[in-house]
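Everything below concerns the one structure shown next.
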C-alpha cells in the first residue's frame, strides 16, 4: 500500500482533523445537495457560494475565522433571496443574479484590502480554494455542530421537501407551510455551502454540494438510495482527495502539497462523467439495437 | 342540506381587479361524479383552488360537511393540472404514492411491510403496478395521471378534485383514466369533481355537471344543463347545442350574426366558438 498511502498519513494530526471534519461536511453537503438538485436550486446554491466568498474575505479583513464570514453572508443572502421572491421560478433567477453581482464585487475589494494590510500570503487562495489542512482547532466543534444541525434539519424536512418538489400545490393543499419550509431549506443550504467553502474553498463549494448529488441521481432511482449514494460519493471524494493531497507533498515541485480542492473536485467530476459510461438501460438498448443494424447494413 | 359533502356558497373571486368568478353556488353529495366543464380560461382552475384553500375567495364561503373548510383538510384529495416532473427527480412511482399517505409530515419514518402492501394495492387498483419501480418523471402523461390518482386516493379522501386530468392524453389513455376514476369512485364511495374543457369523454360517468362560462356556473344533470337556452344565458350570447354521433358540441354563432349580441356586452363573456 505504500504506493498509495505515504508513511505518516495516519499519524498526522492535521490529517485526523481534516478527515473528521471532511467526512461530516461531505455527508451534509451531499444530502442537502440531493434536495437542492431535486428542487432545481443548484444555481441558488452557487450564488450562495459566491456571496460566501464575500463573507470569507470580509472575515479575513477584520481578522476573524473565515467560516463565520461564509456563514453570516450566506445566511444573509439566503434571507434576502427568500424575501425578494426566490420561490417563483422567474423571480428566483433574477433575484439570485442581482445579489450575486454585488457580492463578488465586494469580495474583490475585501481581498485586495486584506492583502494590502496583512502580511499573510495565500489568504486569497485559502478563501477561494479552501484550507482543510490548516483548520483552526477552535472552529472544529462549530463546524461539526453546524453540519449536524443542517443535516438534521433537512432530514426532518425530507418528506415535505419531496412532496413540495413533486407539486407545491398538493403540498400546500395538504397543509404544508410551503414557503416557510422553502426558507428553512435555503438556510440549511447556506450553512452547507459555508461548510463546503471551508473544506474546498468558497468558489468550489458548489462542486461538493451538487456533484455527488447529481451523480447519485443518475445512479439511484428512489430518494433513500439517492441520498445514501450521494453521501458515499462525497465522503469517498473527500477522503481520497485528502490522501492524494498528502501524497502530493512528494510530487513535483517536491516539498509543497497540491491543493486538496483540486483532487476533491476532480474526483467528483470523474465520478459524474463515469455515470455516462454505464451501459444504457435494457429497454433503451433494445430500442437502439435495430437502428444500429440498419445503419451498418450496406443495403 | 346536511348530507352535502361540499357546498360552495355565493363564491366570488376577483384577481387584479378582474372578476374571475361571480356568485358561484353548488353542492356535491358523497359519492357523486361531477364534471366541471368550461373553456380554457373560464375559471375552472381558480374554482378548484378556492375549494382547496389555495386561493382565497373575495366573497362567499366553502363548506365541508356544513362547516367552513379548515386549512388542513384531509378529506380532499387533489390531482393538479400538468405536473412538470423532471426525469432526474428521485421519485419512483411507489415513492410518489407513498408520499400520498404522509408526505405532509415532518421527520423520518421506517419502512414497513404494511405500508408497502398498501401502496402496491393502490397501484394495482389504478392499473399502474407494471411501472411501480420506474421513475415517475420518465412516464407518459396518461401513466402519470394514474400515479397521481393513486397518490391522491391512498389517503382515503371523501372528495377527489382533478384539474384537467384528460388534457393532452391520447384517446385510449383518456378512456383508461376515466374508467379507473369511475370504478374507484363507486368502489370507495369517493365524490369526484373533475375539470375538463371537453365534456364528451365524461358523458357516460357524470352524475352532474357544473358548467362554467363568463365567471358564472350552471348546475344540474347533463340533460338539464347542456341546453341551448341554459348555455346561451350563461355565455351571454346565443349558442347552439349540437348532438352528433353521440357527441355533444356547443357552438356559438359568429359575432355580428348574433341576436343577443347586446347581452354579451354585459358580462365580458368569453367569446366561445366551440366548446367540447
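Protein chains in written order, with this note's numbering: chain A, 352 to 650; chain B, 30 to 305.
Where is the CB? At the ideal position from N, CA and C, for every residue including glycine.
Item, Value
"Where residue 97(B) sits in the DSSP three-state scheme", "strand"
"Closer than 9 Å at the beta carbon, the chain A residues around residue 107(B)", "518, 520, 521, 524, 525"
"Other residues of its chain near residue 534(A): CB distance less than 7 Å, five sequence neighbours each side excluded", "433"
"Distance between residue 173(B) and residue 196(B) (C-alpha atoms, nearest Å)", "12 Å"
"Within-7 Å CB hit, residue 577(A) to chain B", "yes"
"Which listed residue (563(A), 372(A), 399(A)) has its alpha carbon closest to that of residue 455(A)", "399(A)"
"Given residue 276(B) as reference, the closest of 232(B), 260(B), 259(B) once Cα atoms are compared", "232(B)"
"Sequence-distant residues of its chain with Cβ nearer than 7 Å to residue 598(A) (five each side left out)", "357"
"CB-CB length for residue 224(B) against residue 44(B), believed under 8 Å", "Not quite, the Cβ-Cβ distance comes to about 18 Å (not below 8 Å), so this is no contact."
"Straight-line Cα distance separating residue 377(A) from residue 368(A)", "14 Å"
"Closer than 7 Å to chain A by CB, residue 198(B)", "no"
"Identity of the residue in 614(A), 616(A), 618(A), 600(A) nearest residue 359(A) by Cα", "600(A)"
"Touch test, the region 518-528 of chain A against the region 70-90 of chain B, Cβ-Cβ under 8 Å, three pairs minimum", "yes"
"Opposing strand residues paired with residue 241(B) [DSSP bridges]", "246(B)"
"Contiguous alpha helix (DSSP H) assignments of at least 4 residues, all confined to the region 208-282 of chain B", "251-254, 257-264"
"Interfacial residues, the region 119-153 of chain B to chain A, with Cβ spacing under 7 Å", "119, 120, 121, 124, 125, 128, 131, 132, 133, 134, 135, 136, 137"
"Nonlocal neighbours in the same chain, by C-beta distance under 8 Å from residue 374(A), ignoring five residues either side", "586, 589, 590"
"6 Å CB neighbourhood of residue 92(B) in its chain, flanking five on each side removed", "36"
"Minimum length 4: unbroken alpha helix (DSSP H) runs contained in the region 170-200 of chain B", "170-182"
"Distance between residue 405(A) and residue 453(A) (C-alpha atoms, nearest Å)", "9 Å"
"Per-residue DSSP class, three states only, for residue 459(A)", "helix"
"Which residues DSSP lists as bridging residue 150(B), in chain order", "Residue 150(B) pairs with nothing; no bridge assigned."
"Residue interval of the beta strand (DSSP E) (run including residue 62(B))", "62-66"
"Best match in 194(B), 53(B), 170(B), 238(B) for proximity to residue 114(B) [C-alpha to C-alpha]", "170(B)"
"Other residues of its chain near residue 332(A): CB distance less than 7 Å, five sequence neighbours each side excluded", "Any property of residue 332(A) remains undetermined from this structure, which presents chain A solely from 352 to 650."
"Under 8 Å by beta carbon: chain A residues contacting residue 164(B)", "572"
"DSSP state of residue 54(B) mapped onto helix, strand, coil", "strand"
"Closest Cα partner of residue 256(B) within the set 274(B), 236(B), 243(B), 280(B)", "280(B)"
"Closest Cα partner of residue 546(A) within the set 362(A), 490(A), 467(A)", "490(A)"
"Nearest to residue 542(A) (by Cα), restricted to the options 493(A), 570(A), 602(A)", "493(A)"
"Residue 90(B) - DSSP class collapsed to helix/strand/coil", "strand"
"Below-7 Å beta-carbon distance, residue 192(B) vs any chain A residue", "no"
"Helix, strand or coil at residue 511(A) according to DSSP, with G and I counted as helix", "helix"
"Span separating the alpha-carbon of residue 209(B) from that of residue 90(B)", "31 Å"
"Residue range of the beta strand (DSSP E) that includes residue 43(B)", "35-44"
"Residue 535(A) at chain B interface by Cβ criterion, 7 Å", "no"
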